[in-house]
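Peer 1: Supplied in structure tokens, the structure appears directly below.
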Amino acid sequence: MRYLIDTNIFLFYVSNSSCLDNDVCQILENSENIIYVSSESIKEAIHLFHTQRVKTNKWKVSRDIFNFIEKELGFVIKYVQKEHLITFASLDLVKDRNDPTDRLIISQAISEKIPLISSDRKFEHYRKQNLLFIYNRK
């Protein structure tokens, strides 16, 4: 099965955080699943790394994030495509949920019909717009 993970799930997983529930850990660690990380999440991770809001010994410089995702984790980077932007353009705004990065990741999941895993409960609102959503309860 294919899954797209949100930035928070990616960073929790990288930091070996206890912030992931057992169901989500099983999905991420099942070698039969294809786990996608959005290029938008990578952009966020690079920014957080540069501003020292994310600290990890998994990479020395931000360029290391790409190899870490693909080689160490075996995840696939999902780059933003035209169809994602078309979905983004038609996505309804949800009250208190107007972060363009989150909305673009949501648009990728909707366009690709891939379940999105996140700890952000507000993503639930996008189920009405065909988001397949898995909530990380921790």
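Taking the numbering used here, the leading residue of the sequence shown gets 168, the next gets one more, and so forth. The beta carbon of each residue, even a glycine, is placed where N, CA and C say it ideally should be.
Just to confirm, is the Cβ distance from valine 181 to lysine 225 under 8 Å?
Peer 2: Yes, they are a contact pair.
Peer 1: I need the DSSP call for valine 243, collapsed to helix, strand or coil.
Peer 2: Residue state, collapsed to three classes: strand.
Peer 1: On the DSSP letters alone, give me the boundaries of the beta strand (DSSP E) that serine 285 sits inside.
Peer 2: Unbroken beta strand (DSSP E) run through serine 285: 283 to 285.
Peer 1: Around the Cβ of threonine 218, are there at least 16 other Cβ atoms within 10 angstroms (buried) or fewer (exposed)?
Peer 2: Exposed, by the Cβ-count rule.
Peer 1: Run through the DSSP bridge pairs and tell me what isoleucine 232 is partnered with.
Peer 2: None, per the DSSP bridge assignment.
Peer 1: If you draw a straight line from the alpha carbon of leucine 240 to that of serine 286, how long is it in whole angstroms?
Peer 2: Approximately 20 Å, taken between the alpha carbons.
Peer 1: Buried or exposed for glutamine 275, going by 16 or more other Cβ atoms inside 10 Å?
Peer 2: Glutamine 275 should be labelled buried.
Peer 1: Can you give me the Cβ contacts of lysine 310 inside the same chain, cut-off strictly under 6 Å, excluding the 5 residues immediately before and after it?
Peer 2: With the chain covering 168 to 305 only, the question about residue 310 has no answer from this structure.
Peer 1: Which residues share a DSSP beta bridge with phenylalanine 300?
Peer 2: Paired residue(s): Leu283.
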